[in-house]
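Notes for the one structure printed next.
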Amino acid sequence: MEADADVEDLDTRIVLKLRGTTRLNTGPFRGLGLTELGEGAGWTYAVLSTRESRNRLGEVLREYGGTDPAIPIDWDHPQSWADLLDTIEDIALYGPEDRYDRELDTLTFDRRELLDVVMWPSPGPADAQTRVAAIEDLIRAASRDDSAIRVVAIDPRPQTTVIRVIADRALLDRLLAEPWVERVRPPLRPEVTLADVVNAAITVPLPSPDGAPIGIVDGLAVTANPLLHGAVTASKGFPAGHVYGGPDDHGTGVAGMAVWGDLEFLVRRTPPSRTPRPVVNARVLEFDGRTNTVVGQPHVTIAEAIRWLVDEHSVRVVSISINRNEPANGLLPSELTTTLDELARELDVVIVVSTGNRHTDVPASGWLHGYPGYLVDTDAGIAEPADAALAVTVGSLARRDRPGGARTSSLVAIAPAAGPSPFTRTGPTRGKNAAGTLKPEFVHHGGNWAHDHQLNQLSYRDPGISVITAIPPQGARFIGVDNGTSYAAPTVAHEVARIATRYPDASANLLRALLALSARVPEKSAVAGTDSLRTCGYGVPDAERVLESGGANAILTIEATMATNSVVIHRVPVPYEFAEGASKRLFRVALAFDPPVRRSRREYIAGTMSVELVRGLDEAEVERHYGLQPSVQQAKADPTLKRLDLPNRRLRPQMAPPPTRVASNTLIRRDFDHKAWDPDDEHYFLVVSHDLSPWTNTQKKQYPTQRYALAVHIADEERTNLDLHNLMRVQLRTRLRAGGSGRWQ
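Here the sequence shown stands for residues 1374 to 2118, numbered as in this note's numbering.
Now the structure itself:
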């Protein structure tokens, strides 16, 4: 292996490509004077070199190349340098042809062209700023001869640094030679433009709404919008007797998302991907000329609306996109929060609530520069009533990150596609331990904001990155764009309604558990510097994943009641064939329960629950480990009494998230993602535990039992020919053992 012969004659700073036979130990780079810029596919590394570092690398290569591989090397450099050289297969220049994106071939440069100059990732903001300044100097120099050349927009963030510039071909050539530049390309085309929204039309008959209805507690759903024709089965204003004025600007959009779950089909000119759901509209919002407010006392008005939805229209899913403007940081939960929890338990209904939106006041770090750090600021905390313990709380993800409005060229999307929206709120909220209560439990598409580089301000409703929403018709227009967690919540309610349609007898607990099983965190949601569990909860739900069980995909459910302060053991029928061999397996469990709440208590919910997987022990052994144990003092006083610890980690494997992260939640989902399955384990159990909160004795006596739902998803994602569903059913028929008062379904 030899370094390129022309290295010594090149400009002082150039980028080298090092290709290894395996992953390189990059530690020696610093000693050699090389700056790592990035790691690509095939163990290829880009490093910035200077004339001095190239000379040093050349000397080391010549020195090392003259040694006998069979004899231990005797030189003055660290052994790690020798290890690095042993694994380097090739060294080449990273030149203009590497920076040249093939889409540049579509540009003619008959006039100035718009280019995106993509920079190498930087270690931190200061380095990114230095590198951006170097490119700005180059552009500024070119603009002296041509005033049309200028910087249009900059994304200065260290990991996503991009400079958008109006350039001629001469400037392009210079940019292609710049070492700080990774790639030059035309801007990505927006997926959705303003024209797409303005020209949207319904060209084919839409399917009729069907299935479980969704209750919308919001503003007025304007049924003149063709998307809501036949979908709003009833509408009533609350409180009773109040006379409302004209329509607001919120209810129609929320109702549209609940009905369809997604309106992207209108701008992509494709058939709708989902069956629309009927909605029942309980109007509680009125526009006062500045904002939408709940008429009357919110907890009284909204309670009246929910009771009407359930009692008169048999609604089992209620969506509420109404929040306070500040984080829920009061000494006690609000009266509205408590009311929702009490109604969820009493009426056995799933209540879906948006997290609320962060104010548009600029964070100290700035909307663009500070993303995603401010997502977990104190000011970004969950807003009431989204802290309701028994409600499903929904935050927002960005669907797209390519602006498509009138000022597209100067806009930089703040969140990446599938990343948390800049306005979404995050938890945790109050709970029994320091980890608090995981909120939100779910996220869905709620839009994105952009930073306008030219005006140095936010763009709140760019059509390319916002949510497509239904609006009160304006001439021929019936859709618009908006952003907010208000649209994510009814989308999740739509998914709950899909599950409720498939399982019409399911309790609210089971609907919540199945919803949790259906959720996944998109890979791109894991934005560097954020905790995806905190920002996204269990992820984006998709009811399709839990509607059917068959083949290599099996879903088991159970609804039961247990004594409080007790343990119930459920045998899980895991087939021998599933556990043997190497494969990509999925084992996921969700537990939902609905304890009483008391606003005046520090421990807001009356009890907590947990679920663990235990394997490799027979049922009697599991019962002994989890049964009532003698106290330490009792064991000392009577040597015949034995205290048994919980099973070890091999027998009680770790699941994610850890129990402390969800100890305060009434909806718990845990995954066993390890490959370590052993067919000899034979027995598998889910141990469900309940613990009473330290309420008064009188209060505890009023809470003797707790109903709950357990749902399990077991799948083999590689051996699709494995009839897992049937194998599990055989086990259930031959030996069924289910604790509590329920059985696996």
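Glycine included, each C-beta is placed from N, C-alpha and C at the ideal position.
Please read all numbers here as calculations on a predicted model, not as lab measurements.
In the structure shown, Q1847 adopts extended strand secondary structure according to DSSP, grouped into three states. The beta carbons of L1487 and P1560 sit about 6 Å from each other, so the pair counts as a contact at 8 Å. G1820 is positioned such that its CB atom lies closer than 9 Å to that of Y1860. For T1934, the enclosing beta strand (DSSP E) stretches over residues 1926 to 1936. Considering only E2055, R1542, T1479, P1758, the residue with the shortest C-alpha distance to R1485 is R1542. In the DSSP assignment, V1388 falls within the unbroken beta strand (DSSP E) covering 1387 to 1393. For G1626, the uninterrupted alpha helix (DSSP H) run begins and ends at 1624 to 1633, by DSSP. The C-alpha of Q1502 is placed about 40 Å away from the C-alpha of V1726. A contact is defined here as three or more CB-CB pairs under 8 Å, and the region 1856 to 1873 meets this definition with respect to the region 1692 to 1700.
Taking all protein chains in view, the Cβ of D1456 is surrounded by fewer than 16 other Cβ atoms within 10 Å, so the residue is classified as exposed.
Each of R1834, T1799, D1991 was checked against the Cα of S1905, and the nearest Cα belongs to T1799. In the DSSP secondary-structure assignment, S1769 is bridged to H1817. About 7 Å separates the beta carbon of V2085 from that of I1928, a gap short enough to meet the 8 Å contact definition.
Counting along the chain, the unbroken beta strand (DSSP E) around F1960 starts and ends at 1958 to 1966.
Only residues of its own chain outside the window of five on either side were considered, and among them L2095, L2100 have a CB closer than 7 Å to the CB of E1950, listed in chain order.
In this structure, the straight-line span from the alpha carbon of G1468 to that of V1854 is close to 43 Å.
Judged by pairs of C-beta atoms under 8 Å, the region 1933 to 1942 does not touch the region 2015 to 2027, as fewer than three such pairs exist.
DSSP places R2022 outside both helix and strand once states are collapsed to three, so it counts as coil. By the C-beta density criterion, A2049 is exposed, having fewer than 16 other C-beta atoms within 10 angstroms. The beta carbons of D1474 and V1557 sit about 6 Å from each other, so the pair counts as a contact at 8 Å.
Beta-bridge annotation (DSSP): E2090 is not paired with any residue.
Linking V1491 to F1482 through their CA atoms gives a straight-line distance of about 20 Å. In the pairwise beta carbon analysis, the region 1916 to 1926 is classified as touching the region 1870 to 1888: at least three pairs are separated by under 8 Å. Annotation for T1643: no beta strand (DSSP E) segment contains it, and DSSP assigns it neither H nor E. In the assembly as shown, V2103 is an exposed residue. Its beta-carbon has fewer than 16 other beta-carbons within 10 Å. Taking each of R1944, L1741, Q2072, P2052 in turn and checking the Cα distance to S1973, the smallest one comes out for Q2072. A direct Cα-Cα distance of roughly 19 Å separates S1782 from H1742. Inter-residue distance for L1600 and N1572 is about 15 Å (C-alpha atoms, whole angstroms).
Restricting attention to beta strand (DSSP E) runs no shorter than 3 residues, the region 2014 to 2075 encloses them at 2040 to 2044, 2057 to 2065, ordered along the chain.
Apart from sequence neighbours up to five positions away, the residues of its chain that approach P1586 with a beta-carbon distance below 6 Å are P1651, V1653, V1688, ordered along the chain. Across the set T1417, Y1418, E1432, the C-alpha of E1432 shows the shortest separation from the C-alpha of R1424.
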